[in-house]
Every structure is written in C-alpha cells, then in structure tokens.
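The block underneath contains the structure these notes are about, expressed in structure tokens.
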Amino acid sequence: MLHPDLADKIKARLIPGYLYRGQVCCTLAKVYVGVIHKLPEVKPYWKTMHYIYIQRGSIVKYLGRTKDLDFTGDVMPTDSVFEVVNAIVEPDPAGIDIHLGTGDTITLPAVDRRFVTPAPQTL
Numbered sequence: 032m033l034h035p036d037l038a039d040k041i042k043a044r045l046i047p048g049y050l051y052r053g054q055v056c057c058t059l060a061k062v063y064v065g066v067i068h069k070l071p072e073v074k075p076y077w078k079t080m081h082y083i084y085i086q087r088g089s090i091v092k093y094l095g096r097t098k099d100l101d102f103t104g105d106v107m108p109t110d111s112v113f114e115v116v117n118a119i120v121e122p123d124p125a126g127i128d129i130h131l132g133t134g135d136t137i138t139l140p141a142v143d144r145r146f147v148t149p150a151p152q153t154l
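Residue numbers (this note's numbering): 32 to 154.
If you want it as structure tokens, here you go:
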C-alpha cells in the first residue's frame, strides 16, 4: 500500500469518497465490474474479458483511473482500476463459473464509483 502524503490526507478529509493510489477500499453495494487482462502484444493492450457483479463488502485496492495509468485498448478512459483483495462474487444466473481471485485487475465504471468507499483503517 502506498502511504498518503499530506495533500492526500487533506483531500480525504475534505472530499467524501476521495481515494489515493494504493488505498484499500470496500464496496457499499453490488457493483458491476469488468475483469481486464493485458494481451501479449508489442504495445500493451488491455481488454475486458468478462463482466461480473461483486457483492457488498468486497475489498479492493485502488490503482487509479485508466487514463492516468496510460491503459490502451478496450477500456474507457474514465473507468477506475482496482486490484482485487477479497471479492464476494455473485453466482452467474446462466451457470457460468467465473473465478475472481486475489490480484486480478478490474475496472469500475465512473457511475458506480460512488459505491466504493475507503476502508476506515486507511484514513
């Protein structure tokens, strides 16, 4: 985990829902996330392989926004990028078993970003 500097600490107190890079977060509701993988190309190309729902109480680590991380490919520039710490995956109604493990990279649309909050011990 990256330790916040003074500016991050001030922003966290003034702006509700502010996240700094490396901050551990938890979900407040069921959110729809895209699981992304880097394709083996000459130029790094990120592709969303599938979308799943993760339940309330899932723990993720904030990495930044896709445009700030210079992600190219099949991702929106306004999406937030998270690393999975402990995800509670909702079973797929079609019966497809999708595994989401620790360390997987996921994207969260900007509209669902409000359902992710900093974990209390990281403020």
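Even for Gly, the Cβ is constructed at its ideal location relative to N, Cα and C.
Just so it is clear, the structure is predicted and the values come from calculations on it, not from any experiment.
Burial state of Ala38, where buried means 16 or more other Cβ atoms lie within 10 Å: exposed
Own chain, CB closer than 8 Å to Tyr82, minus 5 neighbours either side, in chain order: Excluding residues within five positions, the ones whose Cβ falls inside 8 Å are Tyr63, Val64, Gly65, Val66.
Inter-residue spacing [alpha-carbon to alpha-carbon] between Val91 and Ala150: 9 Å
Between the CA atoms of Lys61 and Tyr84 - distance to the nearest angstrom: Taking the straight line joining both Cα atoms gives about 6 Å.
Backbone CA spacing between Leu94 and Leu139 [nearest angstrom]: 11 Å
Val115 vs Thr133 beta-carbon contact at 8 Å: Thr133 is positioned such that its CB atom lies closer than 8 Å to that of Val115.
Beta strand (DSSP E) runs contained entirely in the region 57-137, provided each spans 3 or more residues: Complete beta strand (DSSP E) runs here, min 3: 62-70, 76-85, 90-96, 111-117.
Rounded C-alpha distance that separates Gly53 from Lys42: 15 Å
Beta bridge counterpart(s) of Leu45 as assigned by DSSP: For Leu45, which the question treats as bridged, DSSP gives no partner whatsoever.
Cα-Cα separation, Thr58 to Pro71: 31 Å
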